[in-house]
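Residue numbers (our numbering): 3 to 204.
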């Protein structure tokens, strides 16, 4: 749900104003149903819940489905919604245990944050991943006394490989950002994820 919430808030943010159909259409064009497991129903559920929590404001008499209603519900980010968007974004980039869908949502909108801030968050993630990797290596090295079946070592080997891949990717992203890759929030020009970066079409 955190990934869907972040994605929905982010899409409303970049449109400025958007109805439910526009939010859904934008997310589907990103293929989120595959990499974030975000379905149509979860998008509309998130819109309703975020409105209930006053993170989105809603105007219009429709339900935002983009159908034949003359006034579909139109959503805008509130101050509380902006705060929640940034909180979820930072959490997604910083946590070593972030699930792939949340991390993917975080990477999608990382340009909405200043460069040094994102590097700092990814640094927290990198150090936590390195500690996890070292711990798993130690467990694998000292697995014999456990009395576990010999083949169980392969499971630890799998975990080590997965964490090593995450370490390498995170370190590489930090290096690319430090070298000036991508347009971030504090760079000249319009970064992806900026408020109103996409036309709302309303």
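Every residue, glycine too, gets a C-beta built ideally from N, C-alpha and C. Computed from a prediction, not measured in an experiment: that's the story for all the values here.
Discussion item. Please report the distance separating the alpha-carbon of residue 45 from that of residue 153.
Written reply: Taking the chain shown and counting its residues from 1, the one referred to as residue 45 is at position 43. Taking the chain shown and counting its residues from 1, the one referred to as residue 153 is at position 151. One C-alpha to the other measures close to 43 Å.
Worksheet item: In this structure, does DSSP put residue 35 in helix, strand or coil?
Response: By one-based count along the chain shown, residue 35 stands at place 33. Residue state, collapsed to three classes: helix.
Worksheet item: With which residues is residue 177 paired in a DSSP beta bridge?
Response: Your numbering for residue 177 matches position 175 in the chain shown. Answer by DSSP bridge pairing: none, since residue 177 is not bridged.
Worksheet item: By a C-beta neighbour count over all protein chains shown, 10 Å radius and 16 as the cutoff for buried, is residue 75 buried or exposed?
Response: Position 73 of the chain shown holds residue 75. Buried: at least 16 other Cβ atoms inside 10 Å.
Worksheet item: Where does residue 77 fall in DSSP's three states?
Response: Translated into the one-based positions of the chain shown, residue 77 becomes position 75. Residue state, collapsed to three classes: strand.
Practice prompt. Could you round the C-beta distance between residue 95 and residue 131 to whole angstroms and report it? I think they count as a contact, below 8 Å.
Written response: Mapped onto the chain shown, residue 95 falls at position 93. Mapped onto the chain shown, residue 131 falls at position 129. Cβ-Cβ separation between residue 95 and residue 131: approximately 13 Å, too far for a contact (criterion under 8 Å).
Practice prompt. Could you spell out where the beta strand (DSSP E) holding residue 60 opens and where it closes?
Written response: For the purposes of this step, residue 60 is taken as the residue at position 58 of the chain shown. Annotation: the continuous beta strand (DSSP E) that includes residue 60 extends over 58-61.
Worksheet entry | Whole-angstrom distance between residue 101 and residue 14, CA atom to CA atom | Stepping through the chain shown from its first residue, residue 14 is reached at position 12. Stepping through the chain shown from its first residue, residue 101 is reached at position 99. Approximately 23 Å, taken between the alpha carbons.
Worksheet item: Can you tell me the Cα-Cα spacing of residue 53 and residue 60, whole angstroms?
Response: If you number the chain shown from 1, residue 53 lands on position 51. If you number the chain shown from 1, residue 60 lands on position 58. For residue 53 and residue 60, the distance between alpha carbons rounds to 7 Å.
Fill in: Candidates 91, 62, 190, of which the one nearest residue 78 by Cα
For the purposes of this step, residue 78 is taken as the residue at position 76 of the chain shown. Comparing Cα-Cα distances from residue 78 to each of 91, 62, 190, the minimum goes to 62.
Worksheet entry | Backbone CA spacing between residue 1 and residue 189 [nearest angstrom] | Residue coverage of the chain in this structure runs from 3 to 204, which leaves residue 1 outside it and unanswerable.
Worksheet item: What's the call for residue 85, buried or exposed, on a 16-neighbour Cβ count within 10 Å?
Response: As a first step, residue 85 must be located in the chain shown, where it is residue number 83. It is exposed - the Cβ of residue 85 has fewer than 16 other Cβ atoms within 10 Å.
Discussion item. Let's see if you can read the secondary structure: which residues bound the alpha helix (DSSP H) around residue 12?
Written reply: Here residue 12 is taken as the residue at index 10 of the chain shown, counted from 1. Following the DSSP letters along the chain, one finds residue 12 inside the alpha helix (DSSP H) bounded by residues 4-17.
Worksheet item: With a Cβ-Cβ cutoff of 8 Å, do residue 38 and residue 107 count as a contact?
Response: The count along the chain shown starts at 1 and reaches residue 38 at position 36. The count along the chain shown starts at 1 and reaches residue 107 at position 105. Closer than 8 Å, so yes.
Fill in: C-alpha gap between residue 150 and residue 159, whole angstroms
On the chain shown, position 148 is the one that residue 150 refers to. On the chain shown, position 157 is the one that residue 159 refers to. Cα-Cα distance, rounded: 14 Å.
Discussion item. Which residue marks the beginning of the alpha helix (DSSP H) containing residue 126, and which one marks its end?
Written reply: As a first step, residue 126 is located in the chain shown; it is residue number 124 there, counting from the start. Per DSSP, the continuous alpha helix (DSSP H) segment holding residue 126 begins and ends at 117-143.
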